[in-house]
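Asker: Pasting in a structure now, in structure tokens, and then I'll have a few things to ask.
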Amino acid sequence: MTSAPGQEGFGPEIRHVPEEKARAGAARRRRSGTAETHLGTVRRARRINRILGETYPYAVAELDFDNAFELVVATVLSAQTTDTKVNAVTPTLFSAFPDAQALSTADHSAVEEIVRPLGFYRSKAKSIISLAGQIVDEHDGRVPETLEELTALSGVGRKTAFVVMGNAFGLPGLTVDTHFGRLSRRLGFTEEQDPVKVEKDVAGLFPPGDWTMLSHRLIYHGRRICHAKVPACGVCPVADLCPSYGSGETDERAAAQLLQYEFAPGREELHRRYLEGATRRELREEGYSLGR
Ligand code: SF4
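As numbered in the working numbering, residues 5 to 296 make up the sequence shown, in order.
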């Protein structure tokens with residue numbers, strides 16, 4: 005692991021792939037003319053997962069929560085908005101309605117007022133009050149742990165269920181959101197668009213014990229480096245293993261300017277604190293904003 009020459013502030017923990025090596029890898033894959041074997045994809049995918057693990061050793065769910073109830077509610081609220089915005093409203097929400105019992109009997113307009121900044125606030129308020137009622141009526145106030153029970157809750161789809169299973173209960177789950185789907189296609193893990201088919205293809209490349217952390221790492225990578233519009237290929241730690249290298253900015257200096265969150269230019273101190281093991285809560289208390 006070395007830092008890229010001239011990448012001031014880009015930590016030594018980030019794997020630097022020289023441009024020639026990344027280009028050679030992409031050219032070799034194009035020249036071979038034959039599809040990668042399943043075993044070849046498995047090996048490459050697991051290497052990518054290891055490198056992303058070294059790049060983001062502090063990766064966790066970016067929604068703040070203290071228990072399964074808070075996580076399921078926060079995840080439902082995160083539809084069509086950012087985790088940063090959700091994290092800004094949930095302290096007020098959970099201070100007013102700390103558990104499913106309290107939220108199930110909440111006044112709709114009070115909840116709407118709190119979640120208003122997230123957009124779709126009427127339907128989101130209705131959804132979380134209704135799901136709290138289901139948790140109270142059907143599960144004695146405890147968030148259920150199975151995919152079937154979770155997806156039966158109001159506003160809870162497969163992705164939300166896997167977020168809760170993986171992060172609140174330690175059960176393997178692949179959370180196919182927009183970043184996960186885009187990166188899985190760019191990295192050649194799948195050609196599918198449908199989230200359930202993406203999930204099936206990716207599940208076949210990794211043991212279940214890797215699923216939850218892989219999900220965090222792909223989402224982190226999508227938010228910080230492999231952006232939807234212009235991926236920062238020139239500073240990507242898996243550039244030599246990616247069939248899509250070159251679909252974004254390959255110049256190192258220009259790519260470094262595209263980095264986001266704790267990798268964004270000027271946020272080296274925040275990145276250093278993450279690597280030192282500071283938790284998201286500690287960092288917020290130190291005054292850092294953890295979003296973009
Ligand atoms: S940033 Fe570029 S090289 Fe890295 S994963 Fe995305 S498309 Fe591939």
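For each residue, glycine too, the CB sits at the ideal point set by N, CA and C.
Determine whether the beta carbon atoms of Leu-154 and Val-168 lie at a separation below 8 Å.
Answerer: Your numbering for residue 154 matches position 150 in the sequence shown. Your numbering for residue 168 matches position 164 in the sequence shown. Yes, the Cβ-Cβ distance between Leu-154 and Val-168 is below 8 Å.
Asker: What's the gap between the Cα of Gln-11 and the Cα of His-225?
Answerer: In the sequence shown, counting from the first residue as 1, residue 11 sits at position 7. In the sequence shown, counting from the first residue as 1, residue 225 sits at position 221. Low per-residue confidence applies at Gln-11: pLDDT is 45, beneath 50, and the placement is therefore not dependable, though the value from the model is reported in the following sentence. Looking at the two C-alpha atoms, the distance is approximately 18 Å.
Asker: Just to check my reading of the structure: Val-180 and Val-202 have Cβ atoms closer than 8 Å, yes? What is that Cβ distance to the nearest angstrom?
Answerer: As a first step, residue 180 is located in the sequence shown; it is residue number 176 there, counting from the start. As a first step, residue 202 is located in the sequence shown; it is residue number 198 there, counting from the start. About 5 Å separates the two Cβ atoms, so the contact holds.
Asker: What separation, rounded to the nearest whole angstrom, lies between the Cα atoms of Phe-166 and Arg-296?
Answerer: As a working mapping, residue 166 is identified with position 162 in the sequence shown. As a working mapping, residue 296 is identified with position 292 in the sequence shown. Whole-angstrom Cα-Cα distance: 25 Å.
Asker: Identify whether Asn-71 lies in helix, strand or coil by the three-state DSSP scheme.
Answerer: Residue 71 sits at position 67 when you count from the first residue of the sequence shown. Looking at Asn-71 - three-state DSSP - the assignment turns out to be coil, as it is neither helix nor strand.
Asker: Leaving out five residues before and five after Ser-134 in sequence, what residues of the same chain have Cβ atoms less than 8 Å from its Cβ?
Answerer: For this step, residue 134 is matched to residue 130 along the sequence shown. So the list reads Ser-158 and Gly-159, once near-sequence residues are dropped.
Asker: Is the stretch 171-179 touching the stretch 210-222, taking contact as three or more C-beta pairs under 8 Å?
Answerer: Yes, the stretch 171-179 is in contact with the stretch 210-222.
Asker: Compute the distance between the beta-carbons of Ser-108 and Arg-190, then report whether it is under 8 Å.
Answerer: By 1-based counting over the sequence shown, the position of residue 108 is 104. By 1-based counting over the sequence shown, the position of residue 190 is 186. Their beta carbons are not under 8 Å apart, which means Ser-108 does not touch Arg-190 by this criterion.
Asker: Taking the runs of the alpha helix (DSSP H) that are 4 residues or longer, which of them lie wholly in the stretch 108-151?
Answerer: Taken in chain order, the complete alpha helix (DSSP H) segments of 4 residues or longer contained in the stretch 108-151 are 112-119 and 125-143.
Asker: Sort Val-206, Phe-184 and Arg-257 by Cα distance to Thr-194 and report the nearest one.
Answerer: In the sequence shown, the residue the question calls residue 194 occupies position 190. When each option's Cα is compared against that of Thr-194, the closest is Val-206.
Asker: So for Gly-295, helix, strand or coil by DSSP?
Answerer: Locating residue 295 in the sequence shown gives position 291, counting from the first residue. The answer is coil: DSSP assigns Gly-295 none of H, G, I, E or B.
Asker: Express the C-alpha separation of Ala-114 and Phe-210 in angstroms, rounding to a whole number.
Answerer: For the purposes of this step, residue 210 is identified with residue 206 of the sequence shown, where counting begins at 1. For the purposes of this step, residue 114 is identified with residue 110 of the sequence shown, where counting begins at 1. Spanning the two alpha carbons is a distance of roughly 44 Å.
Asker: For Lys-89, which residues in the same chain have their Cβ closer than 7 Å to its Cβ, ignoring the five residues on either side in sequence?
Answerer: Locating residue 89 in the sequence shown gives position 85, counting from the first residue. Once the five neighbours on either side are set aside, the close Cβ partners of Lys-89 are Pro-121 and Leu-122.
Asker: Which of helix, strand or coil does DSSP assign to Glu-280?
Answerer: By one-based count along the sequence shown, residue 280 stands at place 276. Note: Glu-280 maps to coil in three-state DSSP.
Asker: So, using beta-carbon positions, are Arg-183 and Leu-222 closer together than 8 Å?
Answerer: To locate residue 183, count along the sequence shown from 1; it is residue 179. To locate residue 222, count along the sequence shown from 1; it is residue 218. According to the sequence displayed, residue 183 carries His and not Arg. Going by C-beta atoms, His-183 is nearer than 8 Å to Leu-222.
Asker: Would you check whether the ligand SF4 has a heavy atom nearer than 7 Å to the C-beta of Arg-190?
Answerer: For the purposes of this step, residue 190 is taken as residue 186 along the sequence shown, with counting starting at 1. Result yes, Cβ under 7 Å from the ligand SF4.
Asker: Less than 8 Å between the C-beta atoms of Glu-74 and Thr-94, yes or no?
Answerer: Translated into the one-based positions of the sequence shown, residue 74 becomes position 70. Translated into the one-based positions of the sequence shown, residue 94 becomes position 90. Cβ distance < 8 Å, so Glu-74 and Thr-94 count as in contact.
Asker: Just to confirm, does Ala-49 get its C-beta within under 7 Å of one of the non-hydrogen atoms of the ligand SF4?
Answerer: Taking the sequence shown and counting its residues from 1, the one referred to as residue 49 is at position 45. Checking the Cβ of Ala-49 against the ligand SF4 gives no.
Asker: Answer yes or no: the CB of Pro-22 versus the heavy atoms of the ligand SF4, is any distance below 7 Å?
Answerer: As a first step, residue 22 is located in the sequence shown; it is residue number 18 there, counting from the start. No, the Cβ of Pro-22 stays beyond 7 Å of every heavy atom of the ligand SF4.
Asker: Tell me which residue opens and which closes the alpha helix (DSSP H) that Arg-185 is part of.
Answerer: Along the sequence shown, one-based indexing puts residue 185 at 181. For the sequence presented, residue 185 should be read as Gly rather than Arg. Its alpha helix (DSSP H) spans residues 182-190.
Asker: The ligand SF4 heavy atoms versus the CB of Ile-229: any closer than 7 Å?
Answerer: In the sequence shown, residue 229 corresponds to position 225, counting from 1. Yes.
Asker: Is Gly-57 a contact residue of the ligand SF4, with contact defined as CB to any heavy atom under 7 Å?
Answerer: Here the question's residue 57 lines up with position 53 in the sequence shown. Gly-57 Cβ: outside cutoff for every heavy atom of the ligand SF4.
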